[in-house]
Amino acid sequence: MPQLQPQLQIAIPQFQHVGYMSNGLPFCVYPMISGQPFEGKYYHRLSMDQREKVVQQVAHFLKVLHNFPIEDAMTYSIPFRETMELPVRDMLQFSRQKVYPNLSPTEQEQCQKWFDFYVNNESDFSYQPSLIHGDLQPRHILFNEEKGEIAGIIDFEDIRVSDPAHDLYYMHRNYGDDFWHRLLQHYSLSNLKHCQWKFRFSRLADIIHHILEDTEDHRSNDIEEGLEELREFLNNHNPDEIE
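Numbering of the sequence shown is given in our numbering, commencing with residue 6 and proceeding in unit increments.
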């Protein structure tokens with residue numbers, strides 16, 4: 006973190022003390038970064054100029070983070086992790102056993118199309134490993150509503166070396182197309198087409214992964230919520246429409 010802050014235009018945690026709780030788990034102390042979770046509603050209330058400023062802030066943060074030397078990151082014991090927590094072929098097998106029976110025949114067919122699409126384009130999921138935040142949810146992006154700008158980014162618990170598209174995926178998912186198209190002007194992507202369907206497949210895999218976890222833990226309410234989310238995805242996204 007101390008290596009990143011001097012290059013950034015927004016605040017990140019600057020640890021001043023590391024301690025240990027009674028159960029042996031570590032905790033860190035750093036000066037509070039004031040702000041509120043940057044939910045989509047705040048972005049959509051901004052003027053065009055303010056939107057541009059916020060997007061520039063995020064783009065600059067991502068470029069600094071993603072361009073951090075990997076060799077240096079490894080010396081700090083930052084782990085390398087593949088983007089998919091569960092191999093896709095294993096996910097497909099489990100889905101056929103535990104998810105498909107809860108879907109209609111049409112939904113099963115649509116879900117299978119996405120897996121087939123991944124298998125047929127697997128080589129396009131290759132990437133240049135980069136240092137990523139790994140969990141850019143709105144609650145980890147702090148917003149100063151009075152100034153209309155990003156105050157800081159926190160919670161680097163999931164920092165790792167992986168596919169930088171994972172961080173970009175969060176931006177598109179949380180803030181929509183307007184944010185995304187503005188971001189493209191400041192963060193260059195080598196292949197936009199592949200990135201777009203990678204985001205969509207990543208979202209599908211995310212939903213299914215959580216359903217499988219909830220199934221294993223017998224969380225029936227969460228399973229049903231996950232299935233509803235999956236059905237919504239399948240009804241609104243078709244791999245046949247990706248050119």
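Built from N, CA and C at the ideal position, the CB exists for glycine as well.
(message) Beta-carbon within less than 6 Å of D227's beta-carbon, same chain only, minus the 5 sequence neighbours each way: which residues are those?
(response) Indexing the sequence shown from 1 puts residue 227 at position 222. Take D227, set aside five residues on each side of it, and the residues of its chain with a beta-carbon closer than 6 Å to its own are D219, in chain order.
(request) Look up G231 in the DSSP assignment and say whether it is helix, strand or coil. (result) Taking the first residue of the sequence shown as position 1, residue 231 is located at position 226. Residue state, collapsed to three classes: helix.
(message) Once DSSP output is grouped into helix, strand and coil, what is the label at Q62?
(response) Position 57 of the sequence shown, counted from the start, is the residue given in the question as residue 62. DSSP places Q62 in helix when its eight states are reduced to three.
(message) Can you check which of these residues, G157, R224, I212 and F120, is closest to Y35 by C-alpha distance?
(response) Mapped onto the sequence shown, residue 35 falls at position 30. If we check each option's Cα against that of Y35, G157 comes out closest.
(message) Taking contact to mean 3 or more Cβ pairs, one atom from each stretch, closer than 8 Å, check whether the region 90-102 and the region 181-193 are in contact.
(response) no
(request) Enumerate, from N- to C-terminal direction, the unbroken beta strand (DSSP E) stretches of 3 or more residues contained entirely within the region 11-96. (result) 22-25 and 31-34
(request) Would you list, in sequence order, the uninterrupted alpha helix (DSSP H) runs of no fewer than 4 residues that lie entirely inside the region 163-220? (result) 170-189
(message) Helix, strand or coil, according to DSSP, for S100 in the structure here?
(response) The residue given as residue 100 occupies position 95 in the sequence shown. Helix, per DSSP.
(message) Given this structure, state the Cα-to-Cα distance separating F73 from Q8, to the nearest angstrom.
(response) As a first step, residue 73 must be located in the sequence shown, where it is residue number 68. As a first step, residue 8 must be located in the sequence shown, where it is residue number 3. Spanning the two alpha carbons is a distance of roughly 9 Å.
(request) Label G231 either buried or exposed according to how many other C-beta atoms from any shown protein chain fall within 10 Å of its C-beta, with 16 as the threshold for buried. (result) Within the sequence shown, the letter at position 226 stands for residue 231. Its Cβ being crowded by 16 or more others within 10 Å, G231 is buried.
(message) Just to confirm the assignment, what range does the beta strand (DSSP E) spanning F122 have?
(response) Counted from its first residue, the sequence shown places residue 122 at position 117. Note, F122: premise wrong, no beta strand (DSSP E); alpha helix (DSSP H) at P110 to N125.
(message) Using 9 Å as the threshold, is the C-beta distance between G40 and C33 below it?
(response) In the sequence shown, the residue the question calls residue 40 occupies position 35. In the sequence shown, the residue the question calls residue 33 occupies position 28. No; because the gap between Cβ atoms is not below 9 Å, this pair is not in contact.
(request) Measure the alpha-carbon distance for D183 versus D77 and round it to whole angstroms. (result) Numbered from its first residue, the sequence shown carries residue 183 at position 178. Numbered from its first residue, the sequence shown carries residue 77 at position 72. Computed Cα separation, rounded: 35 Å.
(request) Quickly, what does DSSP pair S135 with across the bridge? List them, please. (result) Along the sequence shown, one-based indexing puts residue 135 at 130. According to DSSP, which records beta bridges pairwise, S135 is partnered with S167.
(request) For my contact list, Q12 and V69 are in at a C-beta cut-off of 8 Å; report their separation, rounded to the angstrom. (result) In the sequence shown, residue 12 corresponds to position 7, counting from 1. In the sequence shown, residue 69 corresponds to position 64, counting from 1. Contact holds; Cβ gap of about 5 Å.
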